[in-house]
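**Student:** The listed protein sequences correspond, in order, to chains F and Y.
Quick note, the first sequence lines up with residues 143 to 495 if you use this note's numbering.
Quick note, the second sequence lines up with residues 143 to 495 if you use this note's numbering.
Where a beta carbon is used, it is the ideal one built from N, C-alpha and C, also for glycine.
So that we are looking at the same thing, I have put the structure below in structure tokens.
There are 2 protein chains.
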Amino acid sequence: MRVPVADLRAAYEALARSRGADAEETELYAHGLLRADLRGHHTQGIGLAPYLDELFEAGVMHFGRTIETVRNSAATALLDGHSEAGHVVAARAMDMAIGKARETGIGLVTAKRSSDCGMVANYALQALDAGMIGIAMSTGPILVAPWGGRQAQFCTNPLALAVPAGAEEPIVIDMATSANSMGGVVLAARDGRKLDGIQVVDAEGRYTDEPLRVILDAMDRESRMAGALLPAGPKGFGMVLLVELLSALLSGERDWQSEEISDSSRDRAAFYSQTCIAISVEHFQAPDVFAAAADRMIRTLTASPAAEGFERVRLHGGGAAAREQDYRENGVLVRDEEWAMLETLLARRSAQA
Amino acid sequence: MRVPVADLRAAYEALARSRGADAEETELYAHGLLRADLRGHHTQGIGLAPYLDELFEAGVMHFGRTIETVRNSAATALLDGHSEAGHVVAARAMDMAIGKARETGIGLVTAKRSSDCGMVANYALQALDAGMIGIAMSTGPILVAPWGGRQAQFCTNPLALAVPAGAEEPIVIDMATSANSMGGVVLAARDGRKLDGIQVVDAEGRYTDEPLRVILDAMDRESRMAGALLPAGPKGFGMVLLVELLSALLSGERDWQSEEISDSSRDRAAFYSQTCIAISVEHFQAPDVFAAAADRMIRTLTASPAAEGFERVRLHGGGAAAREQDYRENGVLVRDEEWAMLETLLARRSAQA
Chain F
143 MRVPVADLRA AYEALARSRG ADAEETELYA HGLLRADLRG HHTQGIGLAP
193 YLDELFEAGV MHFGRTIETV RNSAATALLD GHSEAGHVVA ARAMDMAIGK
243 ARETGIGLVT AKRSSDCGMV ANYALQALDA GMIGIAMSTG PILVAPWGGR
293 QAQFCTNPLA LAVPAGAEEP IVIDMATSAN SMGGVVLAAR DGRKLDGIQV
343 VDAEGRYTDE PLRVILDAMD RESRMAGALL PAGPKGFGMV LLVELLSALL
393 SGERDWQSEE ISDSSRDRAA FYSQTCIAIS VEHFQAPDVF AAAADRMIRT
443 LTASPAAEGF ERVRLHGGGA AAREQDYREN GVLVRDEEWA MLETLLARRS
493 AQA
Chain Y
143 MRVPVADLRA AYEALARSRG ADAEETELYA HGLLRADLRG HHTQGIGLAP
193 YLDELFEAGV MHFGRTIETV RNSAATALLD GHSEAGHVVA ARAMDMAIGK
243 ARETGIGLVT AKRSSDCGMV ANYALQALDA GMIGIAMSTG PILVAPWGGR
293 QAQFCTNPLA LAVPAGAEEP IVIDMATSAN SMGGVVLAAR DGRKLDGIQV
343 VDAEGRYTDE PLRVILDAMD RESRMAGALL PAGPKGFGMV LLVELLSALL
393 SGERDWQSEE ISDSSRDRAA FYSQTCIAIS VEHFQAPDVF AAAADRMIRT
443 LTASPAAEGF ERVRLHGGGA AAREQDYREN GVLVRDEEWA MLETLLARRS
493 AQA
């Protein structure tokens, strides 16, 4: 079904306010969820909202907390989110990184004791909006086994990179570093589809492409699992580790000693950290020269001949502008059951208010 | 066969000196090639040396050039290598990045007009030796098609990450961001093995796991190809792009406008850039606290139960210390044909001297 952008935004704002968000927090929260929908990442937008509300209910995330700057250097900082909403913590981290990059060329700000920040591309795009290269990554609920293993030890550890272009649509890479995202595996289970290759390990320790051997409740975005998600082979495991090391370990969010069950309804631990990096293009090249080269790169690649079985070469983030325009004009395309879940949640929250 | 470490080092030093290297250049070049052998990455050590000598012969790389600092900020810099040997350029870049990280928390130094730098892990390890997190990446010869495409547009774009630990062996991720390295595909072709999945595209644009459909001379480390290497799916393509954007595009090495054939014997263009990033742990946490957490992470993961069909969970860089000790005591295990190629090369170089 199609839902007008204004309705989705209003729903997210109402949810934020019902959890005590002030005007800035409401804006960051609603903007972050909506931008995920507009970019076609519904599992980080409308699909995520009910789960986030559960986290507020369980006291795992909050509005109104003071984000503390624990360490601060010319080009880096460490924040303690004190369990503030991840959308707010990560936006603050990238904002600081951008300020530092303006002065020194690069800024890296990592935050511990954050919470779920939704689509990490939001924060990479924040740097893009400031004319910079943005990198954002996050850790969270423990869902993914190490390659060769069977026991969940990592989050899906999403990573985003956005790079400015000129006239062309910028390259925006946004991916779970695991073989698939939790949302992707749950939707495959819901739709009765096989996964695109080996992406999960079942309770017996067998690697499989069958999501229903692992996902116990396909209507739950954060379903309990019998088994775990997997990285995409040894190289994919390297990418999961890269995010783990540069975010959860560097920030001190996770010390591999103590571990708290933060999602009690699913008996699942989570380590919420984010790392945001901004790189100031103008410290390296004239921005217009850089943008022109980026444009030529994008045009060369998208015009490059396709292989057998492919229609054309697609770049990450390509088509986002057209989709957003369509969604803004004709409403956001969402799954019926997800809009129903959001409406149920809204009714419950306003009844409680 | 086993070759004593001293013999390998002497061979690399002789090759460097025969190309006019001074003492520092000789040390960096020999150290970089030898460390690749000692870590079991022979394709970046003994397997690479004959190709590097070809690049010297062709005037693509040189010793004795002055590495120019084009832009310099508190936390970033842009270097112009003026075609100096990549082993020297990348070591200089990481050295500067470490100095900047000491002051500001992070340093990112990118170099254009470099040349082949061998194993990128060398530069990540350089940061590790300074107690820091190191990230290094490189671009080079055009070998890899975009995902969905069939025409080579990228290098294998290797990426390395090294993170300090305490008593445990540190995690050192070191990988071609393409599905396989050029060395890996050539060796599979040489040994008549199939590739581990779809890793190449043939001249007809068909994706395949058969290296001999693409590699024309399996005895040549940098064989001509009928077709191209491939990324590991859309996510793998994202990783190839990440290195491309943060190294070749950010440094200005590649403007996607002009392109020069730099390896005329194979009619192949190359864009040699490196980006080195150092992150100072102590700007975030007490280093001993960080190292203890890293140790616990490594112990937890390597003790984590294995999946069906796996012996145990392996971490990137694990076993490197034992291998190095074995190689130092008993000689480096190398392929007979590669030692023969190196001996032939040495004889030719000393005859020319």
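1. Measuring only the C-alpha atoms, how far is G174(Y) from K242(F)?
2. Return the CA-CA distance between L488(F) and A148(F), expressed in angstroms with no decimal places.
3. Give the secondary structure of A217(Y) by DSSP, where H, G and I count as helix, E and B as strand, and everything else as coil.
4. Taking only beta-carbon atoms, is Y349(F) less than 9 angstroms away from chain Y?
5. Given I389(Y), which residues of its chain have a CB within under 6 angstroms of its CB, disregarding the five upstream and five downstream residues?
6. Could you please give me the residues that DSSP links to S280(Y) through a beta bridge?
7. Report the neighbours of R454(F) on chain Y: residues whose CB is nearer than 9 angstroms to its CB, in chain order.
8. Between which residues of its own chain and L358(F) is the CB-CB distance below 8 angstroms, once the five residues before and five after are set aside?
9. Return no unless some Cβ of chain B is closer than 9 angstroms to the Cβ of Q268(Y).
10. Could one say the Cβ of A448(F) lies closer than 9 angstroms to chain Y's Cβ atoms, at least one of them?
11. So with CB distances below 7 angstroms, who are the chain Y contacts of F198(F)?
12. With a cut-off of 9 angstroms, does the C-beta of Q341(F) fall near any C-beta of chain Y?
13. What is the DSSP secondary structure of K254(Y), counted as helix, strand or coil?
14. Inspect the beta-carbon positions of G291(F) and S446(Y) and report whether they are closer than 9 angstroms.
15. With distances taken between CB atoms, is the gap from T252(F) to A235(F) smaller than 9 angstroms?
16. For P300(Y), which beta-bridge partners are listed by DSSP?
17. Closest by CA to V476(F), which one among G394(F), A178(F), N264(F) and E210(F)?
18. The ligand NAP heavy atoms versus the CB of A232(Y): any closer than 8 angstroms?
19. Do you know whose CA, among S422(F), R410(F) and W398(F), lies nearest T444(Y)'s CA?
20. Would you give the residue range spanned by the alpha helix (DSSP H) that V431(Y) belongs to?
21. Using three-state DSSP, classify R454(F) as helix, strand or coil.
22. Given 8 angstroms as the limit, is there contact between the stretch 310–320 of chain F and the stretch 417–434 of chain Y, that is, 3 or more CB pairs closer than that?
23. With DSSP as the reference, label V305(Y) as helix, strand or coil.
24. So, does the stretch 448–464 of chain F touch the stretch 433–443 of chain Y, judging by three or more C-beta pairs under 8 angstroms?
25. Assuming L250(Y) contacts A217(Y) under a Cβ cut-off of 8 angstroms, what Cβ separation, rounded to an integer in Å, is found between them?
26. Which first and last residues belong to the beta strand (DSSP E) in which G369(Y) is found?
27. Name the chain F residues whose beta carbon is nearer than 9 angstroms to that of R465(Y)?
28. Looking only at its own chain, which residues have a Cβ that is under 7 angstroms from the Cβ of A411(F), when we skip the five neighbours before and after it?
29. Are the C-beta of M317(F) and some C-beta of chain Y separated by less than 9 angstroms?
30. Quick test of your reading: A302(F) and V327(F), contact by CB under 8 angstroms. State the CB separation rounded to the nearest angstrom.
31. So, with DSSP's three-state summary, where would you put D195(Y)?
32. Tell me, please, whether the CB atom of L391(F) is closer than 9 angstroms to any CB atom in chain Y?
33. Can you find a C-beta in chain Y that's less than 9 angstroms from the C-beta of K107(F)?
34. Within 10 Å of its beta-carbon, does A264(F) have 16 or more other beta-carbons around it, so buried, or fewer, so exposed?
35. With DSSP as the reference, identify every bridge partner of E112(Y), one or two as the case may be.
36. Mark K134(F) as exposed unless 16 or more other C-beta atoms lie within 10 angstroms of its C-beta, in which case mark it buried.
**Tutor:** Looking at the coordinates:
1. Working through the second sequence from its first residue, we reach residue 174(Y) at position 32. Working through the first sequence from its first residue, we reach residue 242(F) at position 100. G174(Y) and K242(F): Cα-Cα distance of roughly 34 angstroms.
2. Residue 488(F) sits at position 346 when you count from the first residue of the first sequence. Residue 148(F) sits at position 6 when you count from the first residue of the first sequence. Taking the straight line joining both Cα atoms gives about 15 angstroms.
3. Here residue 217(Y) is taken as the residue at index 75 of the second sequence, counted from 1. Here A217(Y) sits in coil by DSSP.
4. Position 207 of the first sequence holds residue 349(F). So, interface residue.
5. What you label residue 389(Y) is simply residue 247 of the second sequence in a count that begins at 1. In the sequence under discussion, the amino acid at residue 389(Y) is Ser, which differs from the Ile named in the question. Cβ neighbours of S389(Y) beyond the five flanking positions: M279, T281, S415 and T417.
6. By 1-based counting over the second sequence, the position of residue 280(Y) is 138. Beta-bridge pairing by DSSP links S280(Y) to Q416(Y).
7. By one-based count along the first sequence, residue 454(F) stands at place 312. Within 9 angstroms Cβ-Cβ: G290 and G291.
8. To locate residue 358(F), count along the first sequence from 1; it is residue 216. Result list for L358(F): S365, R366, M367 and A368, in chain order.
9. Within the model displayed, chain B is absent; protein chains F and Y are what it includes.
10. The residue labelled residue 448(F) in the question sits at position 306 within the first sequence. With 9 angstroms as the cut-off, A448(F) counts as an interface residue toward chain Y.
11. Numbered from 1 along the first sequence, position 56 holds the residue referred to as residue 198(F). Within chain Y, no residue comes near F198(F); the closest Cβ sits about 29 angstroms away, beyond 7 angstroms.
12. Here the question's residue 341(F) lines up with position 199 in the first sequence. So, not an interface residue.
13. Taking the second sequence and counting its residues from 1, the one referred to as residue 254(Y) is at position 112. K254(Y): strand per DSSP, three-state reduction.
14. Reading the first sequence from its first residue, position 149 is the one you call residue 291(F). Reading the second sequence from its first residue, position 304 is the one you call residue 446(Y). Yes, the pair counts as a contact, with Cβ atoms nearer than the cut-off.
15. Taking the first sequence and counting its residues from 1, one reaches residue 252(F) at position 110. Taking the first sequence and counting its residues from 1, one reaches residue 235(F) at position 93. Yes, Cβ-Cβ distance for T252(F) and A235(F) is below 9 angstroms.
16. Taking the second sequence and counting its residues from 1, the one referred to as residue 300(Y) is at position 158. Answer is A318(Y).
17. To locate residue 476(F), count along the first sequence from 1; it is residue 334. For V476(F), the nearest C-alpha among the options comes from A178(F).
18. Of the ligands one can find in the structure shown there are none, so the ligand NAP has no counterpart to examine.
19. Position 302 of the second sequence, counted from the first residue, corresponds to residue 444(Y). The residue with the shortest Cα to Cα distance from T444(Y) is W398(F).
20. Here residue 431(Y) is taken as the residue at index 289 of the second sequence, counted from 1. P429 to T444 is the extent of the alpha helix (DSSP H) around V431(Y).
21. As a working note, residue 454(F) is residue 312 in the first sequence. Of the three classes helix, strand and coil, the one that applies to R454(F) here is coil, per DSSP.
22. no
23. Locating residue 305(Y) in the second sequence gives position 163, counting from the first residue. In this structure, V305(Y) counts as strand in the three-state DSSP scheme.
24. no
25. Taking the first residue of the second sequence as 1, we reach residue 250(Y) at position 108. Taking the first residue of the second sequence as 1, we reach residue 217(Y) at position 75. Taking a contact as a CB-CB distance under 8 angstroms, the pair L250(Y) and A217(Y) counts as one, their CB atoms being some 7 angstroms apart.
26. Locating residue 369(Y) in the second sequence gives position 227, where the first residue counts as 1. Taken as a continuous stretch (DSSP letters only), the beta strand (DSSP E) holding G369(Y) covers G369 to L371.
27. Locating residue 465(Y) in the second sequence gives position 323, counting from the first residue. Those within 9 angstroms of R465(Y) in chain F number zero; the least Cβ separation is about 17 angstroms.
28. Position 269 of the first sequence, counting from 1, holds the residue named residue 411(F). Only I284, E401, E402, I403 and S404 meet the Cβ criterion.
29. Your numbering for residue 317(F) matches position 175 in the first sequence. Using beta-carbon distances, M317(F) counts as an interface residue toward chain Y, with a partner under 9 angstroms.
30. Position 160 of the first sequence, counting from 1, holds the residue named residue 302(F). Position 185 of the first sequence, counting from 1, holds the residue named residue 327(F). Their Cβ separation, rounded to whole angstroms, is 19 angstroms, which puts A302(F) and V327(F) out of contact at 8 angstroms.
31. Stepping through the second sequence from its first residue, residue 195(Y) is reached at position 53. Three-state DSSP puts D195(Y) in a helix.
32. If you number the first sequence from 1, residue 391(F) lands on position 249. Answer yes: the Cβ-Cβ gap between L391(F) and chain Y drops below 9 angstroms somewhere.
33. What the structure shows of chain F is the stretch from 143 to 495, and residue 107(F) is not part of that stretch, so it cannot be assessed.
34. Walking along the first sequence from the start, residue 264(F) turns up at place 122. The sequence as given places Asn at residue 264(F); Ala does not occur at that position. Result: buried.
35. Because residue 112(Y) is not part of the residues shown, which for chain Y are 143 to 495, the question remains open.
36. Past the boundaries of the shown model lies residue 134(F); chain F is included only from 143 to 495, so the question cannot be answered.
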